[in-house]
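Note that our numbering numbers the sequence shown so that position 35 is 134, with each residue one more than the last. Some notes on the structure that comes next.
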Amino acid sequence: METETITVDREEAAAIYRKYREHQHYSTPIDREVQRVYEAIAKKKIVVQALASIVKAGLGEDGLPKLAIVRADSEKCHLQLRGDGGARFSKDGWAPDRNRRTYIDLPPGSFPASNRRFNHYEALTPLVPIHIRPQRALENYHILFEAEWSRVVPKDPLLLRRLSKGDLWVVIGAWDLTDVERAVLAGRL
100 METETITVDR EEAAAIYRKY REHQHYSTPI DREVQRVYEA IAKKKIVVQA
150 LASIVKAGLG EDGLPKLAIV RADSEKCHLQ LRGDGGARFS KDGWAPDRNR
200 RTYIDLPPGS FPASNRRFNH YEALTPLVPI HIRPQRALEN YHILFEAEWS
250 RVVPKDPLLL RRLSKGDLWV VIGAWDLTDV ERAVLAGRL
């Protein structure tokens, strides 16, 4: 899976991070977001733009997004495509999502406009292997994966943690699902 990666020299990131730390007594919330990103890069973490990656990957032959993102504690990823080219990836499907933490929106124009009558699809969310899975608060993480909007189990996801209110995410882990994990997930169908 190809992602939009933020690339900054590690030493340069560490130097900028130290500058932000020196002046943190009068920093604003956006300064703290920038600081977190530089800190992650300085610690040799990979930082990606997940939403930009979804848009860049585009639509598959079925007219649905090739990539999807959903909270890591979700069994399924629900997709709602809007006629204006926007999309919503959510944990809860058709229910009106009042809790911002249960969905991720892509703005209008992210995909070509459509006049489809049926615009709700779902895909199985990949299982996070136990050696990569955080010990607690799985709901604070997201999974970016190559979506199979049919009844097929996806293969090679990324576990992400959001760094900013925008589209900056640190990669916590990457893996390929084994045949056993895929067979167990197929039992959810």
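Each residue gets a CB set at the ideal place from its N, CA and C atoms; glycine is no exception. Everything numeric in this text was worked out from a predicted model, so none of it was measured.
Span separating the alpha-carbon of residue i from that of residue j
i: S126; j: Q134; result: 10 Å
i: P128; j: R281; result: 41 Å
i: D204; j: A186; result: 6 Å
i: D183; j: D130; result: 33 Å
i: E245; j: A151; result: 14 Å
i: G157; j: Y240; result: 23 Å
i: A236; j: R170; result: 11 Å
i: V279; j: Y119; result: 46 Å
i: R260; j: D108; result: 21 Å
i: Q123; j: L262; result: 17 Å
Supposed close pair residue i, residue j - CB separation, criterion 8 Å
i: I242; j: V227; result: 7 Å
i: E103; j: Q148; result: 4 Å
i: L223; j: K175; result: 6 Å
i: F188; j: A167; result: 6 Å
i: E121; j: H177; result: Not really, about 45 Å apart at Cβ, beyond 8 Å.
i: L276; j: K254; result: 6 Å
Option in the options with minimal Cα separation from residue i
i: W274; options: W248, A236, I229 and R260; result: I229
i: D161; options: S249, H122 and T106; result: S249
i: E110; options: K144, E132 and Q123; result: K144
i: L267; options: L276, K118, L258 and V146; result: V146
i: G265; options: V107, R181, P206 and P164; result: P206
i: R181; options: P164, D172 and I271; result: P164
i: G208; options: K155, V270 and G286; result: K155
i: Y202; options: V270, Q179 and E247; result: Q179
Cutoff 8 Å: residue i Cβ touching any chain C Cβ
i: T201; result: Of the chains in the structure shown, none is chain C; there is only one protein chain.
(message) Three or more C-beta pairs under 8 Å: does that hold for the stretch 111-120 against the stretch 133-148?
(response) yes
(request) Let me know the alpha helix (DSSP H) ranges lying completely inside the stretch 135-206, each 4 residues or longer, listed in chain order. (result) 149-156
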